[in-house]
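In this note's numbering, the protein residues as written are 449 to 757. Below: the structure, in structure tokens.
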């Protein structure tokens, strides 16, 4: 590292008209180290190098309009000033901080059992990450058994990952939600043999390609118990977030779910559906929704992040 310091110091002195005696070989080594450090930062995601051809390709993908249903529970879109939306913004900040010290691009969202909210958490997190430009975010629906992403965004029945894995579509079935700055790869129609499709070998090559295109990939996977599908997604992910739900997740189920996940990839657990009176009161008094009593009242009514799956 002293070579790097000396090289930078020499460059500064030369700009000021002062000569140094640092050997050219040392300068060459320092330059090489700096280039290697820059390459490493590009790999880990702390520096984003966007290739023009990639941006052009992604912007040419089919665009779909978003039509949210009343029960979509996407607070990151329709209720940006709510406490729930603020929690997702905080989660996005924590993920960006983590990627400064480790590879963090593919984030797996799972739960121990159904009905804990993992699909809603995945969709809200993806929408929140997509707000940060120029980062490009993909919401990948990995739950081929019970797909809900297309329904949440009101996309209708569109081909998705299942059709591509079956070889029924030459396109990768990625869609642009232009209004949200988000890309989506839905599950498509539920197949009869989801596990066999995922083990066919095409999924791994697909993920390699997607990783080169996107800065964030949020994967909505099936629950950990009792399916084996999640283990496949876990191997492909950089980090895992485990969703739990108040009054739904049982202690023994949570312990079994934690045992089934690779601890080195486990980023943490999210408590879904919690109504913390202290947090709600603080946000009403100091959050952005306090411009009027009407806004404060609406915030208190939607303070918790609720989910249906």
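Each residue gets a CB set at the ideal place from its N, CA and C atoms; glycine is no exception.
- For residue 554, the enclosing beta strand (DSSP E) has its first and last residue at 554-559.
- Excluding sequence positions up to five before and after residue 553, its CB lies within less than 8 Å of the CB of 493, 547, 659, 662, 663, 664, 665, 686, all in the same chain and listed in chain order.
- DSSP lists no beta-bridge partner residue for residue 681.
- Residue 594 and residue 638 have their C-alpha atoms spaced approximately 7 Å apart.
- Counting C-beta atoms within 10 angstroms of its own C-beta, residue 634 has 16 or more neighbours from the protein chains shown and is therefore classed as buried.
- C-alpha of residue 566 to C-alpha of residue 506: approximately 26 Å in a straight line.
- Fully enclosed beta strand (DSSP E) runs of no fewer than 3 residues occupy 585-589 of the segment 568-611, in order along the chain.
- Inter-residue distance for residue 549 and residue 679 is about 25 Å (C-alpha atoms, whole angstroms).
- Leaving aside the five residues that flank residue 629 on each side, the residues in its chain whose CB is nearer than 8 Å to its CB run, in chain order, 578, 579, 581, 585.
- Under the three-state reduction of DSSP, residue 512 is assigned to coil, being neither helix nor strand.
- Closest by C-alpha distance to residue 640, out of 559, 610, 590, 718, is 610.
- In this chain, residue 717 is not harboured by any alpha helix (DSSP H); it is covered by the beta strand (DSSP E) spanning 714-720.
- Excluding its 5 nearest sequence neighbours in each direction, residue 601 has C-beta neighbours in its own chain below 6 Å: 514, listed in chain order.
- Looking at the backbone, the Cα of residue 544 and that of residue 712 are separated by about 18 Å.
- Beyond the five residues adjoining it in sequence on each side, residue 569 comes within less than 7 Å, by CB distance, of 557, 691, 718, 720, 755 in the same chain, given in chain order.
- Counting along the chain, the unbroken beta strand (DSSP E) around residue 668 starts and ends at 664-668.
- In this structure, residue 587 lies away from residue 536, with their beta-carbon atoms at least 8 Å apart.
- 631 is the residue among 551, 604, 631 whose C-alpha sits nearest the C-alpha of residue 503.
- Excluding the 5 residues flanking it on each side, residue 517 has same chain C-beta neighbours closer than 8 Å at 599, 600, 602, in chain order.
- Taking C-beta atoms as the reference points, residue 700 and residue 561 fail to come closer than 8 Å.
- One thing to note: residue 511 has its Cβ within 8 Å of the Cβ of residue 626.
- In the structure shown, the three-state DSSP call for residue 547 is coil.
- One thing to note: residue 604 has its Cβ no nearer than 8 Å to the Cβ of residue 621.
- Contact between residue 673 and residue 705 holds, with the beta-carbon distance rounding to 6 Å and staying under 8 Å.
- In this structure, the CA atom of residue 619 is about 32 Å from the CA atom of residue 563.
- For the options 613, 530, 540, the alpha carbon positioned closest to that of residue 583 is the one of 540.
- Going by DSSP, residue 697 is part of no beta strand (DSSP E) at all; its letter is neither H nor E.
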